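Numbering (the working numbering), first residue to last: 1 to 323. Structure first, commentary second.
Structure follows, in structure tokens:
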């Protein structure tokens, strides 16, 4: 096994797909998904683990014991990486391994600046993945510089469930530019994989969610307007991806509950990192753990960014409105 050392903040760029492992079943499930994605894209697969010396150990031991403790922890990290690397048997896949010293979330955030995708599991042993989606669960999806995919352990069992229909990519939208960027990423993935794209928007009942609004606001009128905007968005996407099968839907209910339900039949669920308080806005807010931990399939969070194709969206809106 070839191990690559890279100090945090090093100028050396790690490109391709980065996956965090800690030896847990969740981490290995994420590794399997990342390997398959790397093969699809023809990308390098970077297996990464990180470790820190517990505060109590560093403060209570003298220098000799602290050094010994550090070596023991590093030996454990080396074994985690070795076992993870051994599970990758595809000879056509370029695999690199890294053992990092530092906070796991900080390590992945650092690597996300040059990676094309970062992949993690939902829970772990309290180390790498466990801490990422524990006390700092929003750090990676909310602040990563590249898309992040969170893979639940459930994914490893989906192939055994004949009821699942994994022939689509689902993306949640709320009308914001950030959500539109997520739609573009989802559309590209669907087109590349030969899958259909399902674009969904959740509308919570106005009477319950927006009590301050005047009584004259009509739920049906709001729904009709959203459907109109979704139609414009579909025409825009179809112009960019002519051969892509696109379905749009406006659903009444909680965005989080709808996202979880949609994940049951999606090969991948995609959302933006922030939005107007709907899908993307809620995902990385107070209900983020509910979506990331209870999704029945992989969830991709797309960070803020620029795309020249976003500027063409207004043309379709002007045309639809007769401007």
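For every residue, glycine included, the Cβ atom is placed at its ideal position computed from N, Cα and C. In this text the structure is predicted, and so the values were computed from the model without any measurement.
State the Cα-Cα distance for the pair residue i and residue j, rounded to the nearest angstrom.
| i | j | result |
| --- | --- | --- |
| residue 25 | residue 271 | 25 Å |
| residue 132 | residue 75 | Reliability of the predicted coordinates at residue 132 is poor, the pLDDT of 48 falling under 50, and the value obtained from them is presented with this limitation in mind. Straight-line Cα distance between these residues: approximately 21 Å. |
| residue 310 | residue 184 | 9 Å |
| residue 325 | residue 153 | For the chain, the structure presents residues 1 to 323; residue 325 sits outside this window and is missing. |
| residue 110 | residue 140 | 10 Å |
| residue 294 | residue 322 | 43 Å |
| residue 237 | residue 202 | 19 Å |
| residue 108 | residue 81 | 16 Å |
| residue 200 | residue 172 | 5 Å |
| residue 35 | residue 226 | 38 Å |
| residue 307 | residue 70 | 45 Å |
| residue 252 | residue 38 | 36 Å |
| residue 249 | residue 100 | 44 Å |
| residue 95 | residue 29 | 17 Å |
| residue 223 | residue 16 | 41 Å |
| residue 92 | residue 180 | 35 Å |
| residue 219 | residue 255 | 17 Å |
| residue 192 | residue 221 | 36 Å |
| residue 90 | residue 188 | 25 Å |
| residue 106 | residue 42 | 27 Å |
| residue 314 | residue 261 | 31 Å |
Quick one: what's residue i bridged to in DSSP?
| i | result |
| --- | --- |
| residue 249 | 200 |
| residue 101 | 51 |
| residue 46 | 18 and 96 |
| residue 169 | 197 and 268 |
| residue 117 | 17 |
| residue 300 | 149 and 270 |
If I'm right that residue i touches residue j with Cβ under 8 Å, what's the distance once you round it to whole angstroms?
| i | j | result |
| --- | --- | --- |
| residue 302 | residue 115 | In fact, because the Cβ distance is near 14 Å, the residues do not count as touching under 8 Å. |
| residue 27 | residue 121 | 5 Å |
| residue 18 | residue 31 | Not really, about 11 Å apart at Cβ, beyond 8 Å. |
| residue 44 | residue 98 | Rounded, the Cβ-Cβ distance is 12 Å, inconsistent with contact. |
Could you pull out every residue in the same chain whose Cβ sits closer than 6 Å to the Cβ of residue i, ignoring the five residues on either side in sequence?
| i | result |
| --- | --- |
| residue 51 | 73 and 77 |
| residue 112 | 118, 144, 145 and 146 |
| residue 320 | 232 |
| residue 23 | 80 |
| residue 247 | 198 |
| residue 148 | 118, 140, 141 and 301 |
| residue 88 | 35 and 95 |
Tell me, please, whether the CB atom of residue i is closer than 8 Å to any CB atom in chain B?
| i | result |
| --- | --- |
| residue 150 | You won't find chain B in this structure, because it holds only one protein chain. |
Out of the options, state which residue places its alpha-carbon closest to the alpha-carbon of residue i.
| i | options | result |
| --- | --- | --- |
| residue 194 | 200, 166 and 204 | 166 |
| residue 258 | 204, 244 and 99 | 204 |
| residue 242 | 265, 196, 224 and 227 | 196 |
| residue 40 | 99, 246, 234 and 190 | 190 |
| residue 312 | 240, 256, 244 and 15 | 240 |
| residue 292 | 120, 34, 188 and 150 | 150 |
| residue 13 | 46, 29, 225 and 91 | 46 |
| residue 316 | 256, 235, 95 and 91 | 235 |
| residue 244 | 219, 186 and 85 | 186 |
| residue 156 | 89, 33 and 318 | 33 |
If you drop the 5 nearest sequence neighbours on each side, which residues of the same chain put their C-beta closer than 8 Å to that of residue i?
| i | result |
| --- | --- |
| residue 263 | 170, 269, 295, 296, 297 and 299 |
| residue 266 | 166, 168, 169, 170, 198 and 297 |
| residue 83 | 23 |
Spatial neighbours of residue i within its chain, please: C-beta separation below 7 Å, excluding the five flanking residues on both sides.
| i | result |
| --- | --- |
| residue 85 | 1, 47, 95 and 97 |
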